[in-house]
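Structure record follows, encoded as structure tokens.
Numbering (the UniProt record's numbering), first residue to last: 1 to 318.
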């Protein structure tokens, strides 16, 4: 049998004690000890969190992002950020008057108007509406005719034939050429180049990015890379944004990955961001978390052997 540790007499004494004023005081003291213990746990927890936060900030988080240009800003005069040229240039053929002597990155909102950017976005929307990737990233290259379709690419000029004239117009291509020329001019001026020695090169394309999960490697646009390594012919890279960060999409910022931290450019319709294409400008695009990001990548080379012509409306038979 289970035996109580109290005798009958002890039990009566205990009941009497608990019902007395002294018993009430004992109960309150016991409750305070429990409350004080809980409070102590909270205080200790807050102290630990505070200490860890301080250590985190004091250690200099390598992924801390500095915003070079925000979406809400209007960069009326080209803003230049100079960086040291990488040693890689010692291994590349040099083209006097074009190969970078000073490397860096720059941003301007004064080369392309928002109205022109919106017109180019409508061009991209019409072209990409013909197909598109199964994943989150689709491209349209007016030069080669390459268009994302499912998990592959097709040539829109061959695939759609004469129907392409219902999608694009001569005015579309004229605007594209004019904008490309202005981007080329601002790159040449900023980096002190002879513009006649700077050539358009491939790939140059429209991109549409959303939050859809990647289905192929082509959809995984967020990996760090160096354009000169990835494409070979690139000497200068530019991006013309056709939509607004924070309004049309979130995520999707352009990120320069420097040894002492990340530096970003927030897209704004009509904004041109450009940079020397060597390893001094390792970069990636942040994954889009909501909405749709439109842009054009326009690339230039110093090697005339890699030059391409401006796109033109295909000639169709009557």
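For every residue, glycine included, the Cβ atom is placed at its ideal position computed from N, Cα and C. Source: prediction; values computed, not measured.
For a cut-off of 8 Å, the C-beta gap from residue 277 to residue 228 is around 4 Å, short enough to register as a contact. Counting along the chain, no beta strand (DSSP E) covers residue 164, and no H or E run does either. Comparing alpha carbon positions, the residue from 145, 195 and 200 closest to residue 98 is 195. Secondary structure at residue 306: helix, using DSSP grouped into helix, strand and coil. According to DSSP, residue pairing for residue 119 in a beta bridge does not occur. Within the region 167-229, the complete alpha helix (DSSP H) runs of at least 4 residues fall at 170-190. Here residue 259 carries a coil assignment [DSSP, helix/strand/coil]. In the DSSP annotation of this structure, residue 143 is not part of any beta strand (DSSP E), being labelled neither H nor E. Residue 95 carries a coil assignment under DSSP once its states are collapsed to helix, strand and coil. Under the three-state reduction of DSSP output, residue 296 falls in the strand class. Looking at the DSSP output, residue 153 bridges to 148. One thing to note: residue 253 has its Cβ no nearer than 8 Å to the Cβ of residue 128.
Following the DSSP letters along the chain, one finds residue 103 inside the beta strand (DSSP E) bounded by residues 103-108. By the neighbour-count definition (other C-beta atoms within 10 Å, threshold 16), residue 269 is a buried residue. Annotated three-state conformation of residue 127 is helix, per DSSP. The beta carbon of residue 301 sits closer than 7 Å to those of 199, 201, 233, 234, 235 and 307, all from its chain and outside the five residues before and after it, given in chain order. By the Cβ criterion, the region 94-112 is in contact with the region 182-197, since at least three pairs of Cβ atoms, one from each stretch, lie closer than 8 Å.
For residue 237, the enclosing beta strand (DSSP E) stretches over residues 236-241. Closest in C-alpha terms to residue 250, from the list 115, 291, 116 and 70, comes 291. The straight-line gap separating the alpha-carbon atoms of residue 283 and residue 226 is approximately 7 Å.
Around the beta carbon of residue 305, fewer than 16 other beta carbons sit within 10 angstroms, so the residue counts as exposed. Residues of the same chain with a CB within less than 6 Å of the CB of residue 217, apart from the 5 flanking positions on each side, do not exist.
Sequence-distant Cβ neighbours of residue 224 in its own chain, meaning closer than 8 Å and more than five residues away, are 257, 282, 283 and 284.
Taking all protein chains shown into account, residue 80 has fewer than 16 neighbouring C-beta atoms within 10 Å of its C-beta and is therefore exposed.
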